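First residue of the sequence shown: 653, per this note's numbering; consecutive thereafter. Just so you know, even glycine gets a beta-carbon here, dropped at the ideal spot from N, CA and C. From a predicted model like this one, the values you see are computed outputs, not experimental measurements.
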Amino acid sequence: MLLSGILRNCKRAGLPSHPSRIAPTYTRDPSFLDHISTFKLVTTRIPARFISQSISSSMNDAESKPEAIVPTNTMNNDSITDTPTPPEGFTVIVEGKANGLFPADSSVFYNPVQEFNRDLSIATIRMFEETLYAEQKAELLKKIARVEAKNIKWRDPTEPARGIRILEGLSATGLRSMRFAKEIPNVKTIVANDFSAEAVKTIAKNCEFNGIPEGLVQPNHDDCAMVCYKNRNSKDQFHVIDLDPYGSPTTFLDGAIQAVAEGGLLCVTATDMAVLAGNHSEAGYAKYGSMPIKAPYCHEMALRILLQCINTQAARYKRYIVPMVSLSIDFYLRVFVRVYTSPLEVKKSASKGSLVYHCQGCNSFYLQQVGKYHMSEKGPKFAAGTGPIIDRRCENCGFSFKTGGPAWNGAIHNKAFVNKIIDHAKANKSNYGTFDRILGMLTVAQEEIETPFYYDVGECASACRSSGFKREKIWSAILNGGFGVSSTHCKDTGFKTDAPPEFIWAIYRKWATLPESGSESQQIKEGSPAFKLRQMPTSLTRLQLEQVIKEATSEGKNRDDIMIEFDEPKEFYDISFKRHEGAFPPSIGLKLKRFPMNPTANWGPKPRAKKSQGGRETTKQAKLGDGEEK
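Listed below in C-alpha cells is the structure:
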C-alpha cells in the first residue's frame, strides 16, 4: 500500500516511477519541485535533482547516493523509440530522436520552424567533431615522430582522447540539448543553460523523460554570458558553443569568444533581420558596429555584418575566425565559425572588412577594403585602405551612393567542410526531418563563388526598364565575357558574379536592343536611372580605365596614348548570349529543393514565452539581447 501510494504521488508530480540515471543538478537552485511532500523512501529511488534540498539532506542517512556513471553517449542508433506518455500539464514534441516535453501553458519557448536549424546544427557539429579528432590525431602522430626521431620510445597513448564539451547557452525547453545527446557521438558533456528557472525545470524533466545518462546533459540556471566568463580558462573551455537567442546575439559574443576552445566551433543565430537587413540601420550600427543597407542583397550583407562583428570581437583577444557555413534562412541567420588564436592573423583583420558603396539609383555596389595587407621581402606589410574607389555620382546611372559596412569580404563557407556535411546527410537521411532542404541549400551554398553580394534578376530589369529574361541567358553572357557566376542560397532570383557593374548593365543594354525583349516600346523618363543605363557610354569608367591601362602597360604602350573619351558612343564590352554549358549548375540538374515553399501558413518567428519568468530575471535577460531559444 505504501509503495503504491508513493508511485501515485510520483505520477501526479510528473516524476518517473522507476530508477533512472540522469544528469546531476548543475544549477544555482536545485529545488525544482518544491510541491513534493516529504516522505520516507522505502523501495523506489527518485532522482536527486527532483527533490528539494531539505528532502535530499533528510534522505542521505537512509539512502546511499546513486552510483556515479561516466558520461558517454551510447544513445546514437538509427532506431527512434516510441513516444512515452507525457506528465500532466505537458505535451510531447517528437523531433529527431528526442521526445521533448513542452509546457502546455507555453511558459517555455519552442518554435517548430527551427527544426531545420537544429538538424543543420547536429549535422555540422558531427562533422566538426570528426574533423577535430582527425586534426588532433595528425598532430599527435607528428609529435610521436619527432620524439622517436631522437631515439626515445613513445610510452603515452597513440590515440588522442575523444569527447567534446558543448554549451547551449540559451536552452529553453532543452530540446536541442536532448538531440545533441542522442544524435551526436563522442560527446563528453552538454551544459544546457537558461536564465529562466521555469526553463531549467523543463530541461531537467526532459533529461529524465528521454533517459539521458547521468552527467551527459547538465541543466544550468545562469546568465549565458556569465557561464562563458566562468569557463575562460583553457581547461574549462567548450569545444562547441551554441548561441541561439531571441533577437541579437551580440551581447553574448564577448564571453563566447573567450570560452570556446582553440579551433572550437561557435554556432550563432541572429533573428533580428529587420535590423540587419537595413530597416533600422541605426540599431544595426549600435548592435553590430556596422551600417546595414536596405538593398536587394541585404540578406548576404546581413551575414557578412554578423561575421565581421564576430571577427572584431575575436580580434580583441588575439583570435580570429574561419567561417565554415554561413546561411540566411527564412527570417534568421545561422553561422558556424571556428575560432583560432594568432596575433599575426589578427593583424589581417582590417583587410578582411570592407566599406560598401551602394548606388541609390541602379543598385550597383562597390567594396573598399578598410585595410591592406601584402607580403614583401621583409615580411608582411599592413596599411590603411586607399580610396575613394568611386566618384560622388554613379558612373552607370548618375545617382548618389549610400555607404554601409564594414562587412566581411572573405569566404563565408568552407567548401570542403560543406561537402562533408552533404555526404553525411545523404548517408543519414532518415535522421533529419528536413533532409531535402539541407541538401538543397548546402548544394547551392557549395556552388557559390566567393565574391561578396549578388544581383537580383528582377531588380536589374526594373532599374533598366527592361523586360526580364531567362537566367541561363544572363549566366551565358557573363561566362562568355570571361567572368564567374553562380546562384546564391539567399534568393532564388539572385546571381553572384565577379563581373563589374558596368558589365551587368552592358548585358541589359544589349538585351533591350533585341526584338524579343519587347523593351523598345517602353517610355523612359529623362533623369531616371534607366535613362542613362540604356544609353551607350561615351567614356571609360574608372574600372574600365584601370583595365585598359593594365593591358596597355603589359604590352609596352604609353599611358598618354590611351583614349579615354570616345569619338562616338559605343559599348566597351562585347556581349554574347551564346549558350554556355556552365550556365547550368549541378543543383539545377539534380532537381534539388533549392528554395522550398513554406510548409504551413504563418511560417516565421513566434512570440516570446507567455508566462513571466520572474520580474527581474525577464528584464535582465531582455537587456542581454533578448536571448531565448526559438
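Please name the residue in Ile774, Thr903, Phe1087, Asn862 whose C-alpha comes closest to that of Asn838.
The residue labelled residue 838 in the question sits at position 186 within the sequence shown. Among Ile774, Thr903, Phe1087, Asn862, the Cα nearest to that of Asn838 is on Ile774.
Where His951 sits in the DSSP three-state scheme
One-based indexing of the sequence shown puts residue 951 at position 299. Three-state DSSP puts His951 in a helix.
Pick from Glu1102, Asn845, Cys919 that is closest to Asn1061, judged by C-alpha positions:
Within the sequence shown, the letter at position 409 stands for residue 1061. Of the listed residues, the one whose Cα sits closest to Asn1061 is Glu1102.
Below 8 Å on the Cβ atoms is my contact criterion, and I expect Tyr972 with Val998 to pass it. Report the Cβ-Cβ distance as a whole number of Å.
Sequence index remark: in the sequence shown, residue 972 carries index 320 (1-based). Sequence index remark: in the sequence shown, residue 998 carries index 346 (1-based). 5 Å between Cβ atoms; contact.
Reduced DSSP secondary structure (H/G/I, E/B, other) of Ser886
Against the sequence shown, residue 886 aligns to sequence position 234. Looking at Ser886 - three-state DSSP - the assignment turns out to be coil, as it is neither helix nor strand.
For Arg986, three-class secondary structure by DSSP:
Counting from one through the sequence shown, the residue named residue 986 turns up at place 334. In this structure, Arg986 counts as strand in the three-state DSSP scheme.
The segment 1088-1102 touching the segment 1141-1151, judged by at least three CB pairs closer than 8 Å:
yes
Just to confirm my understanding: we take Leu1131, look at its own chain, exclude 5 residues before and 5 after, and list those with CB closer than 7 Å. What are they?
Stepping through the sequence shown from its first residue, residue 1131 is reached at position 479. Correct list, in chain order: Val1137, His1232, Gly1234, Ala1235.
Length of the line joining the Cα atoms of Gly915 and Cys961
The sequence position of residue 915 within the sequence shown is 263, counting from 1. The sequence position of residue 961 within the sequence shown is 309, counting from 1. Taking the straight line from one Cα to the other gives about 18 Å.
Starting from Lys1148, trace the beta strand (DSSP E) in both directions and tell me its first and last residue.
Taking the sequence shown and counting its residues from 1, one reaches residue 1148 at position 496. First-last of the beta strand (DSSP E) with Lys1148: 1143-1149.
Between Ile777 and Leu917, which are expected to be in contact by the criterion C-beta below 8 Å, what is the C-beta distance as a whole number of angstroms?
Within the sequence shown, residue 777 is the residue found at index 125, counting from 1. Within the sequence shown, residue 917 is the residue found at index 265, counting from 1. Correct: roughly 7 Å between the Cβ atoms.
For Cys1011, report the span of its beta strand (DSSP E) as first-last.
On the sequence shown, position 359 is the one that residue 1011 refers to. It spans 1005-1011 - the beta strand (DSSP E) in which Cys1011 sits, taken as one unbroken run.
Just list the beta strand (DSSP E) runs in the segment 842-881, keeping only unbroken ones of 3 residues or longer that don't cross its boundaries, in chain order.
869-873
Alpha carbon to alpha carbon, how far is Phe1121 from Ala1068?
Sequence index remark: in the sequence shown, residue 1121 carries index 469 (1-based). Sequence index remark: in the sequence shown, residue 1068 carries index 416 (1-based). Answer to the nearest angstrom: the Cα atoms are 34 Å apart.
Under 8 Å by Cβ, that's how I've got Lys749 and Arg831 pegged, so tell me the actual separation to the nearest angstrom.
Residue 749 sits at position 97 when you count from the first residue of the sequence shown. Residue 831 sits at position 179 when you count from the first residue of the sequence shown. The pair is a contact, with the Cβ atoms about 7 Å apart (cut-off 8 Å).
The alpha helix (DSSP H) that contains Gly907, what's its start and end?
The residue given as residue 907 occupies position 255 in the sequence shown. Segment 902-911, the alpha helix (DSSP H) holding Gly907.
Alpha-carbon to alpha-carbon, Lys834 and Gly867:
Position 215 of the sequence shown, counting from 1, holds the residue named residue 867. Position 182 of the sequence shown, counting from 1, holds the residue named residue 834. Rounded to the nearest angstrom, the two C-alpha atoms are 14 Å apart.
For the segment 1001-1079, which segments carrying the alpha helix (DSSP H) assignment without a break, of at least 4 residues, lie completely within its bounds, in sequence order?
1067-1079
Rounded to whole angstroms, what's the CA-CA distance from Ala1059 to Tyr949? Just pull it up for me.
Mapped onto the sequence shown, residue 1059 falls at position 407. Mapped onto the sequence shown, residue 949 falls at position 297. If I take the Cα positions, the gap works out to 13 Å.
May I ask you to verify whether the segment 812-824 touches the segment 871-888, counting CB pairs closer than 8 Å and requiring at least 3?
yes
Is it right to say Leu1094 is buried, meaning 16 or more other beta carbons lie within 10 angstroms of its own, or is it exposed?
What you label residue 1094 is simply residue 442 of the sequence shown in a count that begins at 1. By the 10 Å Cβ count, Leu1094 comes out buried.
Answer yes or no: do Ala966 and Met925 have a C-beta to C-beta separation smaller than 8 Å?
In the sequence shown, residue 966 corresponds to position 314, counting from 1. In the sequence shown, residue 925 corresponds to position 273, counting from 1. No, these two residues do not count as a Cβ contact at 8 Å.
Going by DSSP in three states, Ser706 sits in which element: helix, strand or coil?
Counting from one through the sequence shown, the residue named residue 706 turns up at place 54. Bear in mind that the predicted position of Ser706 carries a pLDDT of just 32, short of 50, making it unreliable; the figure below should be weighed with that in mind. Helix at Ser706.
Cβ contact (3+ pairs, closer than 8 Å) linking the segment 1158-1167 and the segment 1108-1120:
yes
Alpha carbon to alpha carbon, how far is Pro809 from Gly941?
Translated into positions along the sequence shown, residue 809 becomes position 157. Translated into positions along the sequence shown, residue 941 becomes position 289. Looking at the two C-alpha atoms, the distance is approximately 47 Å.
DSSP state of Asp1088, grouped into three classes?
Reading the sequence shown from its first residue, position 436 is the one you call residue 1088. Residue state, collapsed to three classes: helix.
On a CA-only basis, which of Glu1111, Ala824, Ser1016 is nearest Pro897? Give me that one, please.
Working through the sequence shown from its first residue, we reach residue 897 at position 245. Ranking Glu1111, Ala824, Ser1016 by Cα distance to Pro897 puts Ala824 first.
Distance between Ala786 and Ile945 (C-alpha atoms, nearest Å):
Position 293 of the sequence shown holds residue 945. Position 134 of the sequence shown holds residue 786. Roughly 41 Å separates the two Cα atoms.
What did DSSP end up calling Arg673 once you bin it into helix, strand or coil?
If you number the sequence shown from 1, residue 673 lands on position 21. Unreliable placement is indicated for Arg673, whose pLDDT of 34 sits below 50; the coordinate value is still reported in the next sentence. Three-state DSSP puts Arg673 in coil, outside helix and strand.
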